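First up is the structure itself, then whatever we jot down about it.
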Amino acid sequence: MVTEPGDLRTALRDLRIELALNTARVAALAGLNDSDLAVLDVLVREGGRSPTALARRTGTHPATLTGVLARLEKGGWVLRRRDATDRRSVLIEPVGAERLARLYRDGSQSLDELAEGLTGPERTVVLTYLRSAADLIRAATERLG
Numbered sequence: 000m001v002t003e004p005g006d007l008r009t010a011l012r013d014l015r016i017e018l019a020l021n022t023a024r025v026a027a028l029a030g031l032n033d034s035d036l037a038v039l040d041v042l043v044r045e046g047g048r049s050p051t052a053l054a055r056r057t058g059t060h061p062a063t064l065t066g067v068l069a070r071l072e073k074g075g076w077v078l079r080r081r082d083a084t085d086r087r088s089v090l091i092e093p094v095g096a097e098r099l100a101r102l103y104r105d106g107s108q109s110l111d112e113l114a115e116g117l118t119g120p121e122r123t124v125v126l127t128y129l130r131s132a133a134d135l136i137r138a139a140t141e142r143l144g
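In structure tokens form, the structure reads like this:
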């Protein structure tokens, strides 16, 4: 099958739509809204960080993030801990990673099965493309301000 470069972008948009719908369903099952889940996903994937760094990374206004973190803490998804290197600072640490993984399990297993059908070199190409695409979109997001 011959494809054009734009076909990849279209496929990524289709994937983004399905991921957004899945994320909304996961958020509802977790008792969270989409914004809260986005912050939690960043913490689970990238590790704990200060509220300031988290606000910067997620593009969430610091005042809004305060409410998000309060809801996540109340729900048992995160803990606030003193930064060992700077006792004046607080780190937000995810503690609900296993609960979250259970909600994503079906989709994760399906994606793993799909990947098992690819050869090693095919997986390498897909992985390289997706990681590069994520880096490019992250940079584009940062340029938006």
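Quick note on numbering that gives the first Met the number 0: the sequence shown kicks off at 0 and runs consecutively. Even for Gly, the Cβ is constructed at its ideal location relative to N, Cα and C. Nothing here was measured: the structure is a model prediction, and the numbers come from that model.
Can you give me the start and stop residues for the alpha helix (DSSP H) that Arg122 sits inside? Arg122 -> alpha helix (DSSP H) spans Gly119 to Leu143.
Cβ-Cβ separation, Gly47 to Leu90 (assumed contact under 8 Å), whole Å: With a contact defined as Cβ atoms closer than 8 Å, Leu90 and Gly47 qualify at about 5 Å.
Going by DSSP, which residues form a beta bridge with Arg48? Answer is Ile91.
Among the candidates Arg15, Val43 and Arg55, whose CA atom is the shortest distance from the CA of Ala138? The shortest C-alpha separation from Ala138 is found at Arg55.
Put Arg147 into one of helix, strand or coil per three-state DSSP. The question about residue 147 has no answer, for the chain in this structure spans 0 to 144.
Indicate whether Gly74 and Asn21 have their beta-carbon atoms separated by less than 7 Å. At the C-beta level, Gly74 and Asn21 stay beyond 7 Å of one another.
Rounded to a whole number of angstroms, what is the C-alpha to C-alpha distance between Trp76 and Leu36? Approximately 10 Å between the Cα atoms of the pair.
CB-CB length for Ala29 against Leu102, believed under 8 Å: About 6 Å separates the beta carbon of Ala29 from that of Leu102, a gap short enough to meet the 8 Å contact definition.
Rounded to a whole number of angstroms, what is the C-alpha to C-alpha distance between Glu97 and Glu72? Roughly 16 Å between the two C-alpha positions.
Should Val124 go down as buried or exposed, given a rule of 16 or more other Cβ atoms within 10 Å for buried? So Val124 counts as exposed.
Please name the residue or residues paired with Val77 in a DSSP beta bridge. Note: Val77 sits in a beta bridge opposite Pro93.
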